[in-house]
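Asker:
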Amino acid sequence: MLKILDAKVVVTCPGRNFVTLKITTEDGIYGLGDATLNGRELAVVSYLRDHMIPCLVGRDAHRIEDIWQFFYRGSYWRGGPVAMSALAAVDMALWDIKAKAAGLPLYQLLGGACREGVTVYGHANGETIEETIAEARKYKALGYKAIRLQSGVPGLPSTYGVSKDKLFYEPADGALPTENVWSTPKYLNSAPALFAAAREALGWDVHLLHDVHHRLTPIEAARLGKDLEPYRLFWLEDAVPAENQAGFRLIRQHTTTPLAVGEIFSGVWDCKQLIEEQLIDYLRATVLHAGGITNLRKIAHFADLNHVKTGCHGATDLSPVTMAAALHFDLSISNFGLQEYMRHSPETDAVFPHAYSFADGMLHPGEAPGLGVELDEALAAKYPYKRAYLPVNRLEDGTMFHW
Ligand code: CS2
Ligand code: MG
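Numbering (the working numbering), first residue to last: 463 to 865.
Structure below.
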């Protein structure tokens, strides 16, 4: 028995908001869990502080699966991004504790390493094709084997994934939602040219990816997939909003461009049909938003039965705690595909010192016991919460659209 004595939520904003759960046991061992939900952070803070922590104290920290089931089934109102992010934080912290108690890096408790390192992809973006390719060259020079390309759309003032700061991308940019403008015709006319130029400039020994960010209809996505086939993308991400999983059948009928989806998924029910019918190639679900390591392992094993690989989300709004947990998970599963790695800012890295490191296009979680991440609470306290929203998107005629 490793009795939970205390659990607390730390909110900090070293350039962007992060929500961290810290669970401490009677032996003094503590574990960390990330509970950050970009733009809705305080909802998860309350879900943890007001509803979950009172039920945590006094339980045996070793009983991870039982505690997971207690909070999943016991909440009655199952699933969704707030509850599953909160549950994920508890789960990450308990796995951190268990591995620290065993004196092992977490991946060793998850079955050990299936590979030498975790191949990651970086984000190259620019206002123009030329600027985007120049950024991509920098990532190639850094040793990345896979690079996501996002470029400005001629005729639009801004678009997803194109940021002022080229190395640290943070979309939550306003105390109230900023309004972006979108045009699918302008986008569809410009995207293929980006990849034609990219293959010309970068060659074929680097994986190229692209994030549509939920903005097409299935037939538009089918057209884009066909247009991009000559450039052999590693994946085309979030081609359409995925609430209607059957919508992916139409895309699949028209194109062989590999499809990735799932960074906003809360669990297996968001992707069961996508996986069973092999409507996607990569599942983007994360340790943070899909209910923790306990849940994501089950989903990954189910995906493995259907030729679907993992491709965990790893944007800046997932803290280094999630990045570390993802790396232990990625190292330990057989159907690993690719890991997103949007570097955090130096301020964030100072608040969350960590053992994971980058070399030769891969990240490794390191050999520190547990997740291998710390939380500098004194430094965290210097960055108070600062409300920030993700943008919203309207079509040129003002119609509300997907961001
Ligand atoms: C994006 C994210 O990294 C990605 O693939 O979809 O940047 C996403 O926009 C943010 O995580 C939203 O908070
Ligand atoms: Mg994405």
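C-beta atoms are modelled at their ideal positions from N, C-alpha and C, and glycine is treated no differently.
#1: With a CB to CB cut of under 7 Å and the five nearest residues on each side skipped, what residues in its chain are close to residue 564?
#2: By the three-class DSSP mapping on this structure, what secondary structure does residue 698 have?
#3: Starting from residue 810, trace the alpha helix (DSSP H) both ways and give me its first and last residue.
#4: In the structure shown, what three-state DSSP assignment does residue 483 receive?
#5: Is the stretch 686-693 close to the stretch 619-630, with three or more CB pairs under 8 Å?
#6: Could you tell me which residues DSSP pairs with residue 678 in its beta bridges?
#7: Measuring straight from C-alpha to C-alpha, what distance separates residue 546 and residue 798?
#8: Going by the C-beta, is residue 732 closer than 8 Å to any heavy atom of ligand 2?
#9: Between which two residues does the alpha helix (DSSP H) holding residue 741 run?
#10: Could you name the residues that DSSP lists as bridge partners for residue 621?
#11: Tell me whether residue 579 is buried or exposed, calling it buried when 16 or more other Cβ atoms sit within 10 Å of its Cβ.
#12: Looking at the C-beta of residue 728, does it have a partner C-beta in chain B at a distance below 9 Å?
#13: Any idea what DSSP makes of residue 856, helix, strand or coil?
#14: Determine the DSSP secondary structure at residue 670, reduced to helix, strand or coil.
#15: I'd like the span of the alpha helix (DSSP H) that includes residue 556, first residue to last.
#16: Let's test the definition: count the other Cβ atoms within 10 Å of the Cβ of residue 812 and tell me whether it reaches 16, buried, or not, exposed.
#17: Do residue 707 and residue 735 have their CB atoms nearer than 9 Å?
#18: State the beta-bridge partners of residue 642 as determined by DSSP.
#19: Hey, quick one: how far does the beta strand (DSSP E) through residue 588 stretch, first residue to last?
#20: Beta-carbon within less than 7 Å of residue 718's beta-carbon, same chain only, minus the 5 sequence neighbours each way: which residues are those?
#21: Going by DSSP, name the residue or residues bridged to residue 832.
#22: Verify the contact flag: residue 675, CB atom, against every heavy atom of ligand 2, threshold strictly below 8 Å.
#23: Quick one: give me the first and last residue of the alpha helix (DSSP H) that residue 754 is part of.
#24: On a Cα-Cα basis, can you pick out the residue from 831, 862 and 677 that is closest to residue 647?
#25: Straight-line CA distance for residue 836 to residue 684?
#26: Within the present structure, is the beta-carbon of residue 500 separated from the nearest heavy atom of ligand 1 by less than 8 Å?
#27: For the stretch 755-764 against the stretch 652-672, do three or more pairs of beta-carbon atoms, one drawn from each stretch, fall closer than 8 Å, so that the two count as touching?
#28: Hey, how far is the Cα of residue 513 from the Cα of residue 497?
#29: Please classify residue 802: is it buried, with 16 or more other beta-carbons within 10 angstroms of its beta-carbon, or exposed?
#30: Got a sec: does ligand 2 put a non-hydrogen atom nearer than 8 Å to the Cβ of residue 775?
#31: Can you tell me which of 769, 488 and 777 puts its alpha carbon nearest to the alpha carbon of residue 479?
#32: Taking buried to mean at least 16 other C-beta atoms within 10 Å of its own C-beta, is residue 771 buried or exposed?
#33: Going by other Cβ atoms of all chains shown within 10 Å of its Cβ, with 16 needed for buried, is residue 590 buried or exposed?
#34: By a C-beta neighbour count over all protein chains shown, 10 Å radius and 16 as the cutoff for buried, is residue 861 buried or exposed?
#35: Which residue from 620, 474, 568 and 517 puts its Cα closest to that of residue 785?
#36: With hydrogens ignored, establish whether the beta-carbon of residue 746 is closer than 8 Å to any heavy atom of ligand 1.
Answerer: Let me spell this out:
#1: Walking along the sequence shown from the start, residue 564 turns up at place 102. Exclusion of the five residues before and after residue 564 leaves 571 as the residues of its chain whose Cβ lies within less than 7 Å of its Cβ.
#2: Position 236 of the sequence shown, counted from the first residue, corresponds to residue 698. Residue 698 falls in the strand class under three-state DSSP.
#3: Here residue 810 refers to the residue found at position 348 when the sequence shown is read from its first residue. Counting along the chain, the alpha helix (DSSP H) containing residue 810 begins and ends at 808-813.
#4: Sequence index remark: in the sequence shown, residue 483 carries index 21 (1-based). Three-state result, residue 483: strand.
#5: Three or more Cβ pairs closer than 8 Å define a contact, and the stretch 686-693 falls short of that threshold against the stretch 619-630.
#6: As a first step, residue 678 is located in the sequence shown; it is residue number 216 there, counting from the start. Looking at the DSSP assignment, residue 678 forms no beta bridge with any residue, so it has no partner.
#7: As a first step, residue 546 must be located in the sequence shown, where it is residue number 84. As a first step, residue 798 must be located in the sequence shown, where it is residue number 336. Taking the straight line from one Cα to the other gives about 22 Å.
#8: Position 270 of the sequence shown, counting from 1, holds the residue named residue 732. The closest heavy atom of ligand 2 lies 8 Å or more from the beta carbon of residue 732.
#9: Taking the sequence shown and counting its residues from 1, one reaches residue 741 at position 279. Careful: residue 741 lies outside any alpha helix (DSSP H) and carries neither H nor E.
#10: As a working note, residue 621 is residue 159 in the sequence shown. Note: residue 621 sits in no beta bridge, so no partner.
#11: To locate residue 579, count along the sequence shown from 1; it is residue 117. The residue in question, residue 579, is buried, as its Cβ has 16 or more Cβ neighbours within 10 Å.
#12: In the displayed structure, chain B is absent; only one protein chain is listed.
#13: The residue you call residue 856 lines up with position 394 of the sequence shown. Strand at residue 856.
#14: One-based indexing of the sequence shown puts residue 670 at position 208. In the displayed model, residue 670 falls within a strand according to three-state DSSP.
#15: Residue 556 sits at position 94 when you count from the first residue of the sequence shown. Counting along the chain, the alpha helix (DSSP H) containing residue 556 begins and ends at 543-564.
#16: Taking the first residue of the sequence shown as 1, we reach residue 812 at position 350. By the neighbour-count rule (16 or more Cβ atoms within 10 Å), residue 812 is not buried but exposed.
#17: Mapped onto the sequence shown, residue 707 falls at position 245. Mapped onto the sequence shown, residue 735 falls at position 273. Cβ distance < 9 Å, so residue 707 and residue 735 count as in contact.
#18: To locate residue 642, count along the sequence shown from 1; it is residue 180. 855, per the DSSP bridge assignment.
#19: Indexing the sequence shown from 1 puts residue 588 at position 126. Here the beta strand (DSSP E) through residue 588 covers 580-588.
#20: For the purposes of this step, residue 718 is taken as residue 256 along the sequence shown, with counting starting at 1. Leaving aside the five residues that flank residue 718 on each side, the residues in its chain whose CB is nearer than 7 Å to its CB run, in chain order, 691.
#21: The residue labelled residue 832 in the question sits at position 370 within the sequence shown. Answer is 567.
#22: What you label residue 675 is simply residue 213 of the sequence shown in a count that begins at 1. For residue 675, the shortest C-beta to heavy atom distance toward ligand 2 is below 8 Å.
#23: Here residue 754 refers to the residue found at position 292 of the sequence shown. Bounds of the alpha helix (DSSP H) holding residue 754 are 754-766.
#24: Indexing the sequence shown from 1 puts residue 647 at position 185. When each option's Cα is compared against that of residue 647, the closest is 677.
#25: Counting from 1 along the sequence shown, the entry for residue 836 is found at position 374. Counting from 1 along the sequence shown, the entry for residue 684 is found at position 222. Taking the straight line from one Cα to the other gives about 44 Å.
#26: Residue 500 sits at position 38 when you count from the first residue of the sequence shown. Placement of the Cβ of residue 500 at a distance of less than 8 Å from at least one heavy atom of ligand 1 is found.
#27: In short, these stretches do not touch, since the Cβ pair count stays below three.
#28: The residue you call residue 513 lines up with position 51 of the sequence shown. The residue you call residue 497 lines up with position 35 of the sequence shown. Cα to Cα, the separation comes out at about 14 Å.
#29: The sequence position of residue 802 within the sequence shown is 340, counting from 1. Classification for residue 802: buried.
#30: The residue labelled residue 775 in the question sits at position 313 within the sequence shown. Shortest gap from the CB of residue 775 to any heavy atom of ligand 2: under 8 Å.
#31: Within the sequence shown, numbered from 1, the residue matching residue 479 stands at position 17. Out of 769, 488 and 777, 777 has the C-alpha closest to the C-alpha of residue 479.
#32: In the sequence shown, the residue the question calls residue 771 occupies position 309. Here residue 771 is buried. Its C-beta has 16 or more other C-beta atoms within 10 Å.
#33: Reading the sequence shown from its first residue, position 128 is the one you call residue 590. Classification for residue 590: exposed.
#34: For the purposes of this step, residue 861 is taken as residue 399 along the sequence shown, with counting starting at 1. The residue in question, residue 861, is exposed, as its Cβ has fewer than 16 Cβ neighbours within 10 Å.
#35: In the sequence shown, residue 785 corresponds to position 323, counting from 1. For residue 785, the nearest C-alpha among the options comes from 568.
#36: Start at 1 with the first residue of the sequence shown, and residue 746 comes out as number 284. Within the cutoff, so yes.
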